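A short worksheet on the structure shown next.
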Amino acid sequence: MKITIIGTGYVGLVTGACLAELGNDVFCLDIDADKIALLNSGGIPIHEPGLEEVVARNRAAGRLQFSTDVAASVAHGALQFIAVGTPPDEDGSADLQYVLAAARNIGRHMAGFKVIVDKSTVPVGTADRVSTVVAQEIAASGSGATFSVVSNPEFLKEGAAVEDFMRPDRIVIGHDSGAQGLRARELMKKLYAPYNRNHERTFWMDVRSAEFTKYAANAMLATRISFMNELANLADKVGVDIEAVRHGIGSDPRIGHSFLYAGAGYGGSCFPKDVQALERTARQYDQDLFILRAVEAVNDRQKQVLGKKVVANFGEDLAGRHFAIWGLAFKPNTDDMREAPARVLLRELIERGASVAVYDPVAMLEARRVLARDLDPAQFAQVRFAANPMDALDEADALVIVTEWKAFRSPDFEQIKARLKNPIVFDGRNLFEPEQMAEHGIEYHGIGRSV
Ligand code: UGA
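This is how it looks when you write it as structure tokens:
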């Protein structure tokens, strides 16, 4: 099938590359000429396992092209995927300017029948707004074109995006029930047929419910995390090991094991933004989502938990102290630093007078860029970017782990002990067992482990 993807960010690029991998003829559009030039020279703007190979293979096969040519992009696809950013507005609601601009372009240039697919995470009612804008442009151009807008939210996780796209646990598609909506449904069914061969993974519903499903999923997951973080903080006080509790409750199939990990708080481009946007939607309808407000507040506090533990140990004044930090990206297997808990920790330590040596397996370049913005030049000078995890440890008063990269899971504890000034580890992701650390003679502070 001929497909256009508007926006080559996280979702757009992965969607485009993976749909090409299924044999479709995919045209990816972006207004960022530098990004398109990079993609056309074989580069990839983000770190995502497996993506580079999929892009290269499909470009070579002629099934995947990148361009800034709007008219050509609209002419190309029978399906027009809108996968542009929906950053938070000043009040936290989703800013739809890029989505509506994409819709306007489609309406202006289209002919015949097109299916417009909202792939971006957008609040309930956005498809209606997209329809209005497209219809206005068609009326203005006099092309007589027809269309239907469907909602097809994306559930992929950064760091596992290609895998998630190629093996979806569900495909959610919202369409309307008129003749054009049913025509759109047929095309979507054909597009996703390869995923439904063994068993049906598609959930068909109305457009608004599909839009809402995306927010409900992220809000539910964020709620589980904040709930566990809150319990972990209590566990710290009452002599309970949250890891034992996690196993104990997760084995109940009604609860399940996933997303029950207490830690240094959730980050990334999705949970913080989507929780906020759902709260704002509720407020527009005079409803107050107490739970989500609490989820957000607990997470803001949780991002400070490592800093608080360091202060409890070393005192308020950290002047002259030096700390090693492992893990900067908001989670493993990505170089994404958006809303990363490490940023909150770094600022706290440096504002209290400490210096730091940091290491992340892939986010070092991105960290330089982001931290140069977060910190003033004198503060930025207090950050040393280490060449490897062990190199970060020398002369440090303690090691603080913020992201659970696999490379940090089985380190040489004797070397850690030998290189640190004090054998103290603050583990923001509960990678190690307190007993194991005690055996190595390392003072260990986990999250919710009563140590
Ligand atoms: C999330 C959802 O998991 C995806 O399904 C969704 O498609 C995506 O948002 C999106 O809306 O685009 P992502 O933000 O890539 O994906 O990352 P997650 O793996 O969900 O992790 C989010 C944050 O929660 C990370 O900071 C992670 O460290 C934290 N987390 C996760 C915990 O603190 N505890 C857990 O048990 C799980």
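For what it's worth, the working numbering labels the leading residue of the sequence shown as 755, then goes sequentially.
No residue lacks a Cβ here, since even glycine has one placed at the ideal position from N, Cα and C.
Note that the coordinates shown come from a computational prediction; the quantities given were computed from them, not determined experimentally.
Delimiting residues of the beta strand (DSSP E) encompassing residue i
| i | result |
| --- | --- |
| residue 1154 | 1152-1155 |
| residue 1139 | 1137-1139 |
| residue 1078 | 1076-1080 |
| residue 1039 | From DSSP, residue 1039 is part of no beta strand (DSSP E); its letter is neither H nor E. |
| residue 928 | 925-928 |
| residue 782 | 779-783 |
| residue 878 | Looking at the DSSP string, residue 878 is not in any beta strand (DSSP E), and its letter there is neither H nor E. |
| residue 818 | 818-821 |
| residue 1112 | 1109-1113 |
| residue 996 | It is not in any beta strand (DSSP E) - residue 996 instead sits in the alpha helix (DSSP H) that spans 996-1004. |
| residue 798 | Per DSSP, residue 798 belongs to no beta strand (DSSP E) and is neither H nor E. |
| residue 1180 | 1178-1181 |
CB contact flag (residue i, residue j, <8 Å)
| i | j | result |
| --- | --- | --- |
| residue 938 | residue 992 | no |
| residue 755 | residue 988 | no |
| residue 861 | residue 890 | yes |
| residue 836 | residue 871 | yes |
| residue 954 | residue 905 | no |
| residue 805 | residue 878 | no |
| residue 996 | residue 770 | no |
| residue 1099 | residue 1156 | yes |
| residue 881 | residue 961 | yes |
| residue 818 | residue 774 | yes |
| residue 949 | residue 922 | yes |
| residue 1022 | residue 1093 | yes |
| residue 1117 | residue 1083 | yes |
| residue 1019 | residue 1063 | no |
| residue 874 | residue 828 | no |
| residue 1069 | residue 1103 | no |
| residue 715 | residue 1025 | In this structure the chain extends from 755 to 1205, so residue 715 is not present and cannot be described. |
| residue 1065 | residue 983 | no |
| residue 1162 | residue 1080 | yes |
beta-carbon residue i near ligand 1 non-hydrogen atom, thresh 7 Å
| i | result |
| --- | --- |
| residue 1145 | no |
| residue 969 | no |
| residue 772 | no |
| residue 909 | yes |
| residue 1013 | yes |
| residue 1072 | no |
| residue 1028 | yes |
| residue 702 | There is no way to answer for residue 702, as the model of the chain reaches only from 755 to 1205. |
| residue 1184 | no |
| residue 979 | yes |
| residue 1113 | no |
| residue 1025 | yes |
| residue 997 | no |
| residue 972 | yes |
| residue 912 | yes |
| residue 1119 | no |
| residue 1020 | yes |
Other residues of its chain near residue i: CB distance less than 8 Å, five sequence neighbours each side excluded
| i | result |
| --- | --- |
| residue 866 | 899 and 900 |
| residue 897 | 864 and 865 |
| residue 810 | 796 |
| residue 794 | 820 |
| residue 918 | 909, 910 and 911 |
| residue 1134 | 1125 and 1126 |
| residue 708 | An answer regarding residue 708 cannot be provided, because it is not within the stretch 755 to 1205 covered by the chain. |
| residue 1107 | 1071, 1072, 1073, 1074 and 1075 |
| residue 1085 | 912, 913, 1021, 1022, 1157 and 1158 |
| residue 1105 | 1133 |
Same chain, Cβ closer than 7 Å to residue i, neighbours up to 5 away in sequence not counted
| i | result |
| --- | --- |
| residue 1046 | 973, 1029, 1032 and 1033 |
| residue 789 | 762 and 799 |
| residue 843 | 849 |
| residue 978 | 1013 and 1014 |
| residue 830 | 756, 758 and 781 |
| residue 963 | 928 |
| residue 1204 | 989, 990, 993, 994 and 995 |
Residue interval of the alpha helix (DSSP H) (run including residue i)
| i | result |
| --- | --- |
| residue 840 | No alpha helix (DSSP H) holds residue 840; DSSP gives it neither H nor E. |
| residue 942 | 933-946 |
| residue 1058 | Element bounds for residue 1058: n/a, residue is neither H nor E. |
| residue 1191 | 1188-1193 |
| residue 969 | 961-992 |
| residue 912 | Per DSSP, residue 912 belongs to no alpha helix (DSSP H) and is neither H nor E. |
CB contact check: residue i to chain D, cutoff 8 Å
| i | result |
| --- | --- |
| residue 762 | Protein chain content of the structure displayed is limited to a single chain, and chain D is not contained in it. |
Residues near residue i by beta carbon distance below 6 Å, same chain, minus five either side
| i | result |
| --- | --- |
| residue 764 | none |
Tell me whether the segment 1098-1118 and the segment 1145-1164 touch, counting them as touching only if at least three CB pairs, one residue from each stretch, are closer than 8 Å. yes
Contact between the segment 780-789 and the segment 923-936: three or more CB pairs below 8 Å? no
Validate contact between the segment 1179-1194 and the segment 1122-1136 using beta carbons, cut 8 Å, 3 pairs: no
Does the segment 1083-1101 come into contact with the segment 788-804, if we say contact requires no fewer than three beta-carbon pairs (one atom in each stretch) closer than 8 Å? yes
Three or more C-beta pairs under 8 Å: does that hold for the segment 1119-1126 against the segment 1148-1155? no
Meets three-Cβ-pair contact criterion under 8 Å: the segment 998-1016 and the segment 850-857: no
Is it the case that the segment 1192-1199 contacts the segment 1155-1172, given that we only count it when at least three CB pairs across the two stretches are under 8 Å? yes
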